[in-house]
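Everything on this sheet refers to the single structure shown next.
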Amino acid sequence: PVRAFMKQIDGLGVNPVLIRVLYSDDRGEFAYEQTLQDINAKYSGLDLEFISDRNLFTDKITEFASEHENKSLYYIAGTPGMNSFLTDKLIGLGIEKSRIITDVFTGY
Numbered sequence: 005p006v007r008a009f010m011k012q013i014d015g016l017g018v019n020p021v022l023i024r025v026l027y028s029d030d031r032g033e034f035a036y037e038q039t040l041q042d043i044n045a046k047y048s049g050l051d052l053e054f055i056s057d058r059n060l061f062t063d064k065i066t067e068f069a070s071e072h073e074n075k076s077l078y079y080i081a082g083t084p085g086m087n088s089f090l091t092d093k094l095i096g097l098g099i100e101k102s103r104i105i106t107d108v109f110t111g112y
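Each step along the sequence shown adds one to the number in the numbering used here, with nothing skipped, and position 99 is 103.
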């Protein structure tokens, strides 16, 4: 989902206002890493970060949600357990459920 999302941004060729992509993998194995970095480098409104530490990942989510609150959409693509955990975390931070979009993705 991350690759398709970023390829769509690149295909449109329009610099987004603010899109923050936190790509997390505990093993530090990121599919299409170079492709995603290349797309990220083209757009100042796109902010991609690869994270392999679970605590840092949740801290970054907390930081973003605290700053942007319900002014942002939150797109989560992961396992059912991760989606549920992050949805509950965001709701606990005051994010409205209608601002959270989930997509089940179990990996390659």
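Cβ coordinates follow ideal geometry from the N, Cα and C atoms, glycine included. All values derive from a computational prediction rather than experimental measurement.
Measuring alpha carbon to alpha carbon, tell me which residue in the options is nearest residue i.
i, options, result
"Glu-100", "Asp-107, Thr-91 and Val-108", "Thr-91"
"Arg-7", "Ala-35, Ser-56, Leu-22 and Ser-28", "Ala-35"
"His-72", "Ser-28, Gly-98, Gly-82 and Glu-53", "Gly-98"
"Thr-110", "Lys-93, Asp-14, Asp-29 and Leu-22", "Asp-29"
"Phe-61", "Val-18, Ile-104, Asp-42 and Arg-24", "Arg-24"
"Leu-50", "Ile-105, Asp-107, Arg-103 and Gln-12", "Gln-12"
What would DSSP say about residue i, mapped onto helix, strand or coil?
i, result
"Ser-70", "helix"
"Gly-49", "coil"
"Val-18", "coil"
Determine the direct distance from the alpha carbon of residue j to that of residue i, and round the result to whole angstroms.
i, j, result
"Asn-59", "Leu-16", "34 Å"
"Phe-89", "Phe-68", "16 Å"
"Phe-54", "Ser-102", "26 Å"
Need the endpoints of the beta strand (DSSP E) that residue i sits in, please.
i, result
"Leu-26", "23–28"
Specify, as a first and last residue, the run of the alpha helix (DSSP H) that residue i falls within.
i, result
"Ile-99", "Careful: Ile-99 lies outside any alpha helix (DSSP H) and carries neither H nor E."
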